[in-house]
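For the sequence shown, the working numbering assigns the number 973 to the initial residue and increments by one for each residue that follows. For each residue, glycine too, the CB sits at the ideal point set by N, CA and C.
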Amino acid sequence: MLDTIREDMQAVFIKDPAAKTVWEVLCCYPGLHAIWLHRAAHFLWQQGLLFPGRLVSHINRWLTGVEIHPGAKIGRRLFIDHGMGVVIGETAEIGDDVLMYQGVVLGGTSTEKTKRHPTIGHNVVIGAGATILGPITVGDSARIGAGSVVIKSVLAGATVVGVPAHIAGPKRSERPGADLEHGRLPDPVLRALSEALDRQGRLEERVRELERVLPVIPSPALSAREHSLSPACEADIRQALQEVIEPEVGINIVDLGLIREIKLNGRGVEVHLILTHPGCSHAGYLVEQIRRQVRSVADGEAVEVVLVDEVWSWDDAAPRLVWGDGI
């Protein structure tokens, strides 16, 4: 018993950087108190003392804000951070070294007196407000995003997000015990949208190439003798660049004010681009899309995209975006 208590407290120090002293952990962590009271309630339940076990569970809920049915099976070193609003059903099973945040629900989906609650593997991280329903299995080292609703089994090591939850990241082989950033998860919707826009850009480029070989009047070309762009040519380029959408914002880069300058540099067209935030993960995608769009207007001229070290803000966007409806 003492070894179990020591393990539980050590888990708090490992998984919560706010934990400072032993007395603080002993007295001020309702998630820890909930686990200890549940162990007492579970012992009574296993001995056939159903009412006393349920009564201890009820007192546990009243004292800590955590509701754990005395029939639930909980492994070693579970840590419930903050605790309030957590609900764990009768037939739920939780493995070792699980990290669970406030508002998590391990609920049932049946009125039958059978296994109807989830089974959670070892080393799992369950984000705040996540709901896991039914007799499904969450594999070892999986990660459940905050606010997700999980209704299907989760593979070991997988990351799932959304309502209903779906896989958002590759399998993770490492132990996530010290990984507390349960809200910092991949965005599969953004990734899929970026990929779709990239494919659309390639298709548009192919269409323009086919149009150029047809006997039609060509677009105004850039002259190698020019030292600056004509207003008409720059307008054509900016119009083409309106087809490039900034994936995170969902607005084209021209209206967002991300195009600082368009000029000739002796080798071709030079486009100066700023990013919505430093370290933008899709900068390469934007650069490639800009090159495609400019080449389609400039009749195959070389295109150089220069990333400008400036801070972007909404003040740079077109006034109709800043003050328009829904922005």
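- Membership of G1079 in the beta strand (DSSP E) is indicated by the continuous run V1077 to G1079.
- Burial state of M1056 is exposed, judged by a 10 Å Cβ sphere holding fewer than 16 other Cβ atoms.
- With respect to the C-alpha of P1250, the residue from L1236, V984 and V1283 having the closest C-alpha is V1283.
- For A1204, the secondary structure class from DSSP, reduced to helix, strand or coil, is helix.
- Excluding residues up to 5 positions away in sequence, I1234, I1262 and V1277 lie with their Cβ nearer than 6 Å to the Cβ of V1243 in the same chain.
- Contact between Y1073 and H1054 holds: their C-beta atoms lie close to 6 Å from each other, under 8 Å.
- The region 1127 to 1143 and the region 1105 to 1116 touch, with three or more beta-carbon pairs separated by less than 8 Å.
- Between the region 1016 to 1032 and the region 983 to 998 there are fewer than three inter-stretch CB-CB distances shorter than 8 Å, so the stretches are not counted as touching.
- Note: V1226 is not bridge-paired with any residue in the DSSP secondary-structure output.
- Our two residues, R1178 and I1060, have alpha carbons roughly 56 Å apart in a direct line.
- Taking a cut-off of 8 Å for Cβ pairs, the region 1088 to 1106 and the region 1115 to 1127 touch, as three or more such pairs fall below it.
- Taking a 10 Å sphere around the C-beta of A1207, we find fewer than 16 other C-beta atoms and assign the residue as exposed.
- Residues E1273, A1274, V1275 and E1276 of the same chain have their beta carbon placed closer than 7 Å to that of G1240, with the five preceding and five following residues left out of the count.
- Look at V994 here: in three-state DSSP terms it is helix.
- When the five nearest sequence neighbours on each side are left out, the beta carbons in the same chain lying within less than 8 Å of the beta carbon of I1031 are those of L1009, in order along the chain.
- In terms of Cβ geometry, G1037 and P1002 form a close pair [threshold 8 Å].
- Residue range V1241 to L1245 is occupied by the beta strand (DSSP E) that includes E1242.
- Residue environment analysis places R978 among the exposed positions, since fewer than 16 neighbouring C-beta atoms fall within 10 angstroms of its C-beta.
- Between V997 and A1012, the CB-CB gap reaches or exceeds 8 Å.
- Taking a C-beta distance under 8 Å as the contact criterion, P1203 and L1165 do not qualify as a contact pair.
- By the beta-carbon neighbour count (other beta carbons within 10 angstroms, threshold 16), V994 is exposed.
- If you draw a straight line from the Cα of V1058 to the Cα of L1078, it is about 8 Å long.
- Listed in chain order, the non-local C-beta contacts of I1246 below 7 Å within the same chain comprise L1230, R1232, V1280, E1282 and W1284, local neighbours out to five positions each way being set aside.
- Counting only the Cα atoms, R1049 lies some 27 Å from F1023.
- Secondary structure of E1065 (DSSP, three-state): strand.
- Around the Cβ of S1253, a 10 Å sphere holds fewer than 16 other Cβ atoms; the residue is exposed.
- Within its own chain, the residues whose Cβ lies closer than 7 Å to the Cβ of S1082, once the five positions on either side in sequence are excluded, are R1088, listed in chain order.
- For V1280, the three-state secondary structure derived from DSSP is coil.
- Note on geometry: alpha-carbon atoms of I1217 and P989 lie some 40 Å from one another.
- Around the CB of Q1211, fewer than 16 other CB atoms lie within 10 Å, so the residue is classed as exposed.
- V1126 and E1065 have their alpha carbons spaced roughly 15 Å apart.
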